[in-house]
Ligand code: IPE
Ligand code: IPE
Ligand code: MG
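Residue numbers (this note's numbering): 134 to 384.
If you want it as structure tokens, here you go:
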């Protein structure tokens, strides 16, 4: 699909871009790892492990496209309901991922952040993440947010409780409370709202991801399972985004 106002061509993929219509913030629900493995008669954890390479591919694609913020849904609050061995396996992956790919991430001038509750993660995972956060904090390229042990409803409740405390302590006053003020209490304070959400794996739901922040986000769903998602698929999603008309309730 070629759209007339798109002018910049990526030679590898033959896809056209316009600088101005690249989404600043792309959020991704990386889904379908388990099914990818099951389809091949392999245990689910192989799917999770294979999905790590996709993460770095997509980070690089986002850097190339000049996306400013990339937020990846890595482990949800509800994922604790899974069998313990799968949970333990998934929660060890960030360390493994950083061990292999942190140099690559550094070389791409990417800054890593975590949104979610770090304190609920295994100590070794927390340490690896904290090291990655600290050692990339001066990078001024893509901001990569890992949504880990993250749930949007829980985030909003936490924010509300913190705001109530500030109200009681008279650090904030009721008539100051508006959307902007409330947003400052969320884990995403200072991060612009996602412009584009991509969900792989065929499901068409938000699964408790960034509910407040995605009130006017454009959604792109693909049946491709996360380990099969590629730079090409990422660019197709950007292209779909570029064809959308964002009205925000206006005309
Ligand atoms: C996404 O893949 C990864 C996490 C939720 C951590 P799934 O594990 O949900 O894979 P499917 O949806 O069962 O195929
Ligand atoms: C959403 O995927 C969470 C992540 C990708 C981290 P799930 O596989 O957990 O979502 P549901 O259960 O299908 O809604
Ligand atoms: Mg899933």
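From the three backbone atoms N, C-alpha and C, an ideal C-beta is built for every residue, glycine too.
Closer than 7 Å: residue i CB and nearest ligand 1 heavy atom
i: residue 380; result: no
i: residue 166; result: yes
i: residue 179; result: no
i: residue 175; result: no
i: residue 396; result: The requested residue 396 is not part of the displayed model; the chain covers only 134 to 384.
i: residue 331; result: no
Classification of residue i by the beta-carbon crowding that lies within 10 angstroms, buried from 16 upward
i: residue 306; result: exposed
i: residue 375; result: buried
i: residue 228; result: buried
i: residue 356; result: exposed
i: residue 95; result: Limits of the chain in this structure are 134 at one end and 384 at the other, which puts residue 95 out of reach.
i: residue 283; result: buried
i: residue 134; result: Note that residue 134 scores 41 on pLDDT, short of 50, meaning its location in the model is unreliable and no value can be drawn from it.
i: residue 301; result: exposed
i: residue 380; result: exposed
Extent of the continuous alpha helix (DSSP H) run through residue i
i: residue 190; result: 177-198
i: residue 316; result: 312-316
i: residue 324; result: Neither: residue 324 is in no alpha helix (DSSP H) and is coded neither H nor E.
i: residue 367; result: 364-375
i: residue 214; result: It is not in any alpha helix (DSSP H) - residue 214 carries neither H nor E in the DSSP assignment.
i: residue 171; result: 166-172
beta-carbon residue i near ligand 2 non-hydrogen atom, thresh 7 Å
i: residue 171; result: no
i: residue 183; result: no
i: residue 211; result: yes
i: residue 230; result: no
i: residue 208; result: yes
i: residue 162; result: yes
i: residue 340; result: yes
Start and end residues, beta strand (DSSP E) containing residue i
i: residue 161; result: 158-162
i: residue 204; result: 202-209
i: residue 155; result: Here residue 155 belongs to no beta strand (DSSP E), and DSSP marks it neither H nor E.
i: residue 351; result: 351-354
Cβ-heavy atom distance, residue i to ligand 3, below 7 Å
i: residue 335; result: no
Give the list of continuous alpha helix (DSSP H) stretches no shorter than 4 residues that lie fully inside the stretch 279-303.
285-301
To test your reading of the DSSP string, which unbroken alpha helix (DSSP H) runs of 4 or more residues are found completely within the stretch 233-271?
256-269
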